[in-house]
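Visitor: Please see the structure below; I have some questions.
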Amino acid sequence: MMQTPTPKRRLSKLPAFLAAAALLGTTAYTLPELLEQPANAATDLSKTFDNGAPAAGFADLVERVQPAVVSVQVKGGTIHTTRRKMPRLPRGHGMEDFFKQFEDRFGGKKHRSPRRHSSSHGSGFVISEDGFVVTNNHVVTDGGAIQVKFANGDEHEAELIGSDAKTDLALLKIKANGKAFPFVRFAD
263 MMQTPTPKRR
273 LSKLPAFLAA
283 AALLGTTAYT
293 LPELLEQPAN
303 AATDLSKTFD
313 NGAPAAGFAD
323 LVERVQPAVV
333 SVQVKGGTIH
343 TTRRKMPRLP
353 RGHGMEDFFK
363 QFEDRFGGKK
373 HRSPRRHSSS
383 HGSGFVISED
393 GFVVTNNHVV
403 TDGGAIQVKF
413 ANGDEHEAEL
423 IGSDAKTDLA
433 LLKIKANGKA
443 FPFVRFAD
């Protein structure tokens with residue numbers, strides 16, 4: 263038995279038909295313009311960008327700035343962790359006994375959470391010869407002793423000069439009296 267389309271079914275196909283018609287009409291209108299480009303429109307890109315010097319790549323950039331890049335390590339104080347209590351289930355719940363046994367075994371007062379030492383790691387770069395370093399705020403927030411390490415293995419203590427949570431930037435100063443550090447220059 264063959265079904266005839268209902269008015270509802272015809273209406274659901276109408277938006278798809280209108281969209282297809284609009285797309286086809288737009289293509290038919292703009293296609294002749296696209297096909298009639300002048301013969302000299304194509305240019306040889308190799309001539310446009312060939313200035314005799316090889317293009318600088320990422321490896322060249324890394325080689326140039328690597329001496330000024332540092333690893334930032336922040337060691338904080340001791341954190342006392344707390345354990346969450348097990349959820350309280352309604353009396354008679356099928357898992358009530360299981361959670362009670364689990365809490366008695368692992369979550370009781372006799373099982374205190376261990377102390378943890380906080381630390382964070384990040385990277386940064388030296389921006390001045392006298393040892394100012396830009397890094398991320400989230401790396402140094404609530405931290406303690408700050409160490410910076412260069413790619414050549416040199417390590418120095420640093421202090422937090424200022425930070426901005428909105429931009430996630432922080433400024434450090436390497437504690438090394440009179441030492442000149444490799445640094446990167448900001449572009450104009």
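Residue numbers (the numbering used here): 263 to 450.
By construction, the Cβ of each residue, glycine as well, lies at the ideal position given by its N, Cα and C atoms.
Owing to the predicted nature of the structure, the values given are computational and were not obtained by experimental measurement.
1) Is H383 helix, strand or coil by DSSP?
2) Mind checking whether V336 and V401 have CB atoms under 8 Å apart?
3) Would you mind working out which of D430, V331, M357 and D426 sits nearest P444, comparing C-alpha positions?
4) My understanding is that E417 touches K411, with C-beta atoms under 8 Å, so please give their C-beta distance in whole angstroms.
5) In whole angstroms, what is the alpha-carbon distance linking R447 and I436?
6) Could you tell me whether the Cβ atoms of G405 and G338 are closer together than 8 Å?
7) Quick one: what does DSSP say E391 is sitting in, helix, strand or coil?
8) Helix, strand or coil for F361, going by three-state DSSP, please let me know.
9) Since H418 sits in a beta bridge, which residues does DSSP pair it with?
10) Going by DSSP, what residues sit across from V233 in a beta bridge?
Guide: Taking the coordinates as given:
1) For the purposes of this step, residue 383 is identified with residue 121 of the sequence shown, where counting begins at 1. Strand at H383.
2) In the sequence shown, residue 336 corresponds to position 74, counting from 1. In the sequence shown, residue 401 corresponds to position 139, counting from 1. Going by C-beta atoms, V336 is nearer than 8 Å to V401.
3) For the purposes of this step, residue 444 is taken as the residue at position 182 of the sequence shown. That would be V331, whose Cα lies nearest to the Cα of P444.
4) In the sequence shown, counting from the first residue as 1, residue 417 sits at position 155. In the sequence shown, counting from the first residue as 1, residue 411 sits at position 149. About 5 Å separates the two Cβ atoms, so the contact holds.
5) Here residue 447 refers to the residue found at position 185 when the sequence shown is read from its first residue. Here residue 436 refers to the residue found at position 174 when the sequence shown is read from its first residue. Near 17 Å, if we compare the C-alpha coordinates of I436 and R447.
6) By 1-based counting over the sequence shown, the position of residue 405 is 143. By 1-based counting over the sequence shown, the position of residue 338 is 76. Cβ distance < 8 Å, so G405 and G338 count as in contact.
7) The residue labelled residue 391 in the question sits at position 129 within the sequence shown. Residue state, collapsed to three classes: coil.
8) Here residue 361 corresponds to residue number 99 of the sequence shown, with the count starting at 1. Correct three-state label for F361: helix.
9) The residue labelled residue 418 in the question sits at position 156 within the sequence shown. For H418, which the question treats as bridged, DSSP gives the partners V410.
10) Outside the displayed span of the chain (263 to 450) sits residue 233, for which this structure offers no information.
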